[in-house]
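What follows is a single structure, written as C-alpha cells, with notes after it.
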Amino acid sequence: MCDTFLSKYAQQCGKPSPVNEMTKGFASDFREGIDINLGVGYVNDDTIPAELIATAFKEVINDPLTYRNALNYGGADGSPALKTAIKKYYIDNAIGGLTEVDFTKIAISIGANGATSILNAFADIFSPGIVITADPMYYIYCNTLVRKGFDVVTVPEDNDGIQTDLLKELLEKIDISRLRFLYIVTVNNPSCTILSNARKEIVKLIAEIKLNIMFLFRLFLIRAYEDIIHNQELEPRISALSFDDNNVVFEVGTFSKIIAPALRIGYVLSKNIKILNLLDQVVSDIGFSAPLINQEITAWLLTHYIKTQLQFVNSAYREKAFVLSEFLNATLEHRLINMYGGDAGFYFYMTLCVPTHRNLLFYKFLSRTTGNV
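To convert, count from 1 in the sequence shown and add 205; that's my numbering.
This is the structure we're talking about:
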C-alpha cells in the first residue's frame with residue numbers, strides 16, 4: 206500500500222498503541238491463576254451483576270412503552286430513558302452535589318462506545334493544538350491525542366491534583382491561541398491522586414483568562430473513577446458544573462466501573478449545548494450512540510437497583526484495597542519509596558527503588574516476555 210494515500214492519523218496508527226497491545230495480549234493468552242493484569246484496567250469481575258443484567262434485559266423487552274424500540278437503532282444523542290435515569294442517579298445519590306435546579310441548565314449526551322469514544326470525538330471536534338493535562342498523564346487518551354496531531358503538555362500534581370500555581374506559570378509561557386482544552390482525570394490514572402474540591406475551581410482560572418484575552422477554551426473533567434471512591438473519610442466530591450458560569454466544563458462519566466464495561470456506556474454533562482450538538486453529530490457519524498439495548502438495560506439498573514449495586518461494588522473494592530495495601534507494604538517493604546492510592550477501587554501507584562525500563566529482567570517479568578513460561 207502506498208502510504209501517500211493515508212491520512213497523517215492513519216500513518217501514526219501503523220504501530221499499535223500500548224493499550225492496544227496490552228488488551229490484545231490479555232484477551233489472547235492471559236493465564237488465570239498465574240498471571241496478574243498490571244496494565245489494563247479491567248474491573249473486578251465479582252462486582253459485575255450478570256444476573257441483574259439478564260433481568261434488566263427481560264424487563265426492558267417487556268416494557269416497550271418506556272423503552273421504545275430497544276432492539277432497533279437509537280438516536281445519536283442517546284436514549285431518553287437513559288438520560289432521565291442519569292439525572293435521577295445524580296440527584297438521588299447526591300453525585301457532585303448537583304440538584305434538580307442544576308439540571309435545568311445541564312444537558313446530557315451519550316457516547317458511541319463508552320467514555321473513550323466521547324474523548325475521541327472531542328479530539329475530532331477541536332483542531333490540533335495544545336492540550337494540558339496532569340503529570341503523570343493518562344497515557345491511553347494522550348497517546349490518541351498525539352496521533353491526531355495535538356501537543357500534550359503536562360503540569361505536575363501534588364496531593365490535591367494538578368498544581369494550579371504551576372498551571373498559571375505555564376499559561377504565561379505558551380502560545381495561548383494554540384490552547385484547545387485542559388484534560389483532567391479527577392481520580393487520576395495512573396497516580397490515583399484525587400482532585401480536591403478546591404482544585405476543581407480551576408474553572409475560575411479559565412474564566413480569568415477569557416476575560417483577559419477574550420479567548421475561550423474548555424475544561425474536560427473525567428470522573429470515571431469517582432463512583433468507586435470508597436474511603437468514607439474523604440469529603441464528598443463537588444462537581445465543577447456547580448460553579449461553571451461560562452459554559453466551559455464538560456464532565457465525562459461512565460458506568461463501566463460500577464455496572465459492567467461491556468455495556469459500553471459513557472456520557473457527558475455540560476451547559477454548553479453548542480459543543481454537545483457537535484458531539485452528537487460525531488457520534489452519529491461513527492454509527493449512532495451506544496447500542497440502544499445496552500442503554501436501556503443501564504437505564505433500568507440505574508432506576509431500580511443502583512444504590513444496592515453501588516454499595517456492593519465499593520464494599521468489594523474497599524476490602525480488596527485493604528488486603529492489597531497490607532500485602533504490598535509487607536512484600537515490598539525494602540523496595541518501596543512511596544505508594545499512593547487505595548481510596549478508589551483497588552488501584553495503587555508505587556515508586557520503587559528498581560529501574561523499570563524495557564531491557565531489565567524486572568520489566569520482562571511484568572510484561573511476560575522472559576521466555577520462561
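Where is the CB? At the ideal position from N, CA and C, for every residue including glycine.
Quick one: grab the DSSP three-state call for D356. For this step, residue 356 is matched to residue 151 along the sequence shown. It is a strand residue.
Buried versus exposed, by CB contacts within 10 Å (16 or more), Y346: Taking the first residue of the sequence shown as position 1, residue 346 is located at position 141. Y346 is buried by the Cβ-count criterion.
Determine contact between the stretch 355 to 364 and the stretch 421 to 429, defined as no fewer than three beta-carbon pairs at a distance below 8 Å. no
Tell me which residues share the same chain as S401 and place their Cβ nearer than 7 Å to its Cβ, disregarding the 5 neighbours each side in the sequence. On the sequence shown, position 196 is the one that residue 401 refers to. Answer for S401: D365 and G366, listed in chain order.
N- and C-terminal bounds of the beta strand (DSSP E) containing V336: By one-based count along the sequence shown, residue 336 stands at place 131. Where V336 is concerned, the enclosing beta strand (DSSP E) stretches over I335 to D340.
Can you tell me whether S212 is helix, strand or coil according to DSSP? Residue numbering aside, residue 212 sits at position 7 when the sequence shown is read from its first letter. Correct three-state label for S212: coil.
Just mark A549 as buried or exposed, buried being the case when its beta carbon has 16 or more other beta carbons within 10 Å. The residue you call residue 549 lines up with position 344 of the sequence shown. By the neighbour-count rule (16 or more Cβ atoms within 10 Å), A549 is buried.
State yes or no: is the C-beta of Y388 within less than 7 Å of the C-beta of V336? Translated into positions along the sequence shown, residue 388 becomes position 183. Translated into positions along the sequence shown, residue 336 becomes position 131. Yes, they are a contact pair.
In three-state terms, what does DSSP make of G301? For the purposes of this step, residue 301 is identified with residue 96 of the sequence shown, where counting begins at 1. In this structure, G301 counts as helix in the three-state DSSP scheme.
Quick check on this structure: which residue in P560, N348 and K462 has the alpha carbon closest to the alpha carbon of N225? Start at 1 with the first residue of the sequence shown, and residue 225 comes out as number 20. With distances taken between Cα atoms, N225 lies closest to N348.
Since F551 and L529 are thought to touch, with beta carbons under 8 Å apart, how far apart are those beta carbons, to the nearest angstrom? On the sequence shown, position 346 is the one that residue 551 refers to. On the sequence shown, position 324 is the one that residue 529 refers to. Contact holds; Cβ gap of about 5 Å.
Which class does D485 belong to by DSSP, given the choice of helix, strand or coil? Translated into positions along the sequence shown, residue 485 becomes position 280. Note: D485 maps to helix in three-state DSSP.
Going by beta carbon distance, what residues of the same chain come within less than 8 Å of I478, once the five residues before and after it are set aside? In the sequence shown, residue 478 corresponds to position 273, counting from 1. Result list for I478: A312, in chain order.
Suppose contacts are defined by Cβ-Cβ distances below 7 Å. Is G458 in contact with G319 by that definition? Translated into positions along the sequence shown, residue 458 becomes position 253. Translated into positions along the sequence shown, residue 319 becomes position 114. In this structure, G319 does not lie closer than 7 Å to G458 by Cβ.
What are the boundary residues of the beta strand (DSSP E) that includes T513? Here residue 513 is taken as the residue at index 308 of the sequence shown, counted from 1. From DSSP, T513 is part of no beta strand (DSSP E) but of the alpha helix (DSSP H) over I511 to T536.
Please classify A339 as buried or exposed, where buried requires at least 16 neighbouring CB atoms within 10 angstroms. The count along the sequence shown starts at 1 and reaches residue 339 at position 134. Counting Cβ neighbours within 10 Å, A339 comes out buried, since at least 16 surround it.
For T398 and P269, what's the separation of their Cα atoms in angstroms? Here residue 398 corresponds to residue number 193 of the sequence shown, with the count starting at 1. Here residue 269 corresponds to residue number 64 of the sequence shown, with the count starting at 1. Computed Cα separation, rounded: 43 Å.
Contact between the stretch 274 to 289 and the stretch 488 to 500 is defined here as three or more beta-carbon pairs at a separation below 8 Å; is this criterion met? yes
C-alpha distance - T209 paired with Y344, whole-angstrom precision: Taking the sequence shown and counting its residues from 1, the one referred to as residue 209 is at position 4. Taking the sequence shown and counting its residues from 1, the one referred to as residue 344 is at position 139. Near 28 Å, if we compare the C-alpha coordinates of Y344 and T209.
Own chain partners of G334 with C-beta closer than 6 Å, once the 5 adjacent residues on each side are dropped: Numbered from 1 along the sequence shown, position 129 holds the residue referred to as residue 334. The answer, listed in chain order, is R383 and R385.
Leaving aside the five residues before and after L507 along the sequence, list all residues of the same chain whose C-beta is less than 6 Å from its C-beta, in chain order. Position 302 of the sequence shown holds residue 507. Counting only Cβ-Cβ distances below 6 Å, and skipping sequence neighbours, we find A290 and Y294.
Residue range of the beta strand (DSSP E) that I389 falls in? The count along the sequence shown starts at 1 and reaches residue 389 at position 184. That run of the beta strand (DSSP E) goes L384 to V390.
Is there contact between the stretch 324 to 331 and the stretch 297 to 306, where contact requires at least three CB pairs shorter than 8 Å? Because the criterion of three Cβ pairs below 8 Å is not met, the stretch 324 to 331 and the stretch 297 to 306 do not touch.
Using 10 angstroms around the beta-carbon of Y272, count the other beta-carbons present and answer buried if the total reaches 16, otherwise exposed. The count along the sequence shown starts at 1 and reaches residue 272 at position 67. Buried.
Simplified DSSP state of L371, which is helix, strand or coil: Position 166 of the sequence shown, counted from the start, is the residue given in the question as residue 371. Residue state, collapsed to three classes: helix.
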